[in-house]
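What follows is a single structure, written as C-alpha coordinates, with notes after it.
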Amino acid sequence: MWKCFDRNKYLTRRIPQNPRYQHVKSRLDTGNSMTKYIEKLEEIKKNYRYKKDELFKRLKVTTFAQLVIQVASL
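First residue of the sequence shown? That's 661 in my numbering, and the numbers climb one at a time after it.
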(Lines of atoms letter the chains of each structure in order from A; the text may use other names.)
(Lines give C-alpha, C1' and ligand atoms only; values in the text may rest on other atoms or scores of the structure.)
Protein backbone atom coordinates (compact mmCIF):
# COMPACT_ATOMS: atom_id res chain seq x y z
CA MET A 661 0.00 0.00 0.00
CA TRP A 662 2.03 2.93 1.32
CA LYS A 663 5.68 3.23 0.55
CA CYS A 664 7.91 3.89 3.51
CA PHE A 665 9.67 7.22 3.37
CA ASP A 666 11.96 9.09 5.67
CA ARG A 667 9.84 11.81 7.27
CA ASN A 668 12.79 14.14 7.92
CA LYS A 669 13.91 13.92 4.32
CA TYR A 670 10.40 14.72 3.13
CA LEU A 671 10.03 17.74 5.44
CA THR A 672 13.41 19.28 4.62
CA ARG A 673 13.05 18.97 0.86
CA ARG A 674 13.31 22.36 -0.85
CA ILE A 675 10.77 23.59 -3.34
CA PRO A 676 12.37 24.31 -6.73
CA GLN A 677 12.46 28.02 -7.57
CA ASN A 678 11.28 29.41 -10.85
CA PRO A 679 13.67 32.10 -12.18
CA ARG A 680 10.73 33.81 -13.84
CA TYR A 681 9.35 34.90 -10.44
CA GLN A 682 12.56 35.64 -8.51
CA HIS A 683 11.88 39.38 -8.47
CA VAL A 684 8.46 38.93 -6.80
CA LYS A 685 8.44 39.60 -3.06
CA SER A 686 5.87 38.89 -0.40
CA ARG A 687 3.38 41.62 0.43
CA LEU A 688 2.73 40.22 3.89
CA ASP A 689 4.87 41.77 6.64
CA THR A 690 5.70 38.96 9.05
CA GLY A 691 8.14 40.96 11.17
CA ASN A 692 11.89 40.66 11.41
CA SER A 693 13.61 38.03 9.33
CA MET A 694 17.11 37.26 8.13
CA THR A 695 16.38 38.35 4.56
CA LYS A 696 15.07 41.74 5.71
CA TYR A 697 18.12 42.17 7.94
CA ILE A 698 20.50 41.39 5.08
CA GLU A 699 18.65 43.80 2.75
CA LYS A 700 18.90 46.52 5.40
CA LEU A 701 22.65 45.92 5.79
CA GLU A 702 23.15 46.11 2.02
CA GLU A 703 21.29 49.43 1.91
CA ILE A 704 23.43 50.81 4.75
CA LYS A 705 26.61 49.69 2.97
CA LYS A 706 25.41 51.31 -0.25
CA ASN A 707 24.69 54.68 1.42
CA TYR A 708 27.37 54.63 4.10
CA ARG A 709 28.32 58.24 3.46
CA TYR A 710 24.93 59.64 4.39
CA LYS A 711 23.12 59.55 7.70
CA LYS A 712 19.45 60.26 8.40
CA ASP A 713 20.12 63.30 10.61
CA GLU A 714 22.48 65.13 8.26
CA LEU A 715 21.17 68.30 6.66
CA PHE A 716 23.82 68.49 3.93
CA LYS A 717 25.56 65.91 1.80
CA ARG A 718 29.20 65.19 2.53
CA LEU A 719 31.87 66.50 0.18
CA LYS A 720 34.98 64.89 -1.20
CA VAL A 721 38.25 66.59 -0.33
CA THR A 722 38.85 67.57 -3.96
CA THR A 723 35.40 69.15 -4.24
CA PHE A 724 35.96 71.07 -1.01
CA ALA A 725 39.33 72.31 -2.27
CA GLN A 726 37.74 73.52 -5.52
CA LEU A 727 35.08 75.41 -3.55
CA VAL A 728 37.70 77.06 -1.33
CA ILE A 729 39.73 78.14 -4.37
CA GLN A 730 36.61 79.44 -6.09
CA VAL A 731 35.54 81.48 -3.04
CA ALA A 732 39.08 82.79 -2.52
CA SER A 733 39.21 84.05 -6.10
CA LEU A 734 36.10 86.19 -5.56
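From the three backbone atoms N, C-alpha and C, an ideal C-beta is built for every residue, glycine too.
query, result
"Alpha-carbon spacing of Asn678 relative to Asn668, whole angstroms", "24 Å"
"Nearest-angstrom Cα separation, counted from Leu734 out to Ser693", "55 Å"
"For Leu671 and Lys685, the rounded distance between their alpha carbons", "24 Å"
"C-alpha gap between Ile675 and Gln682, whole angstroms", "13 Å"
"Pro679 - DSSP class collapsed to helix/strand/coil", "helix"
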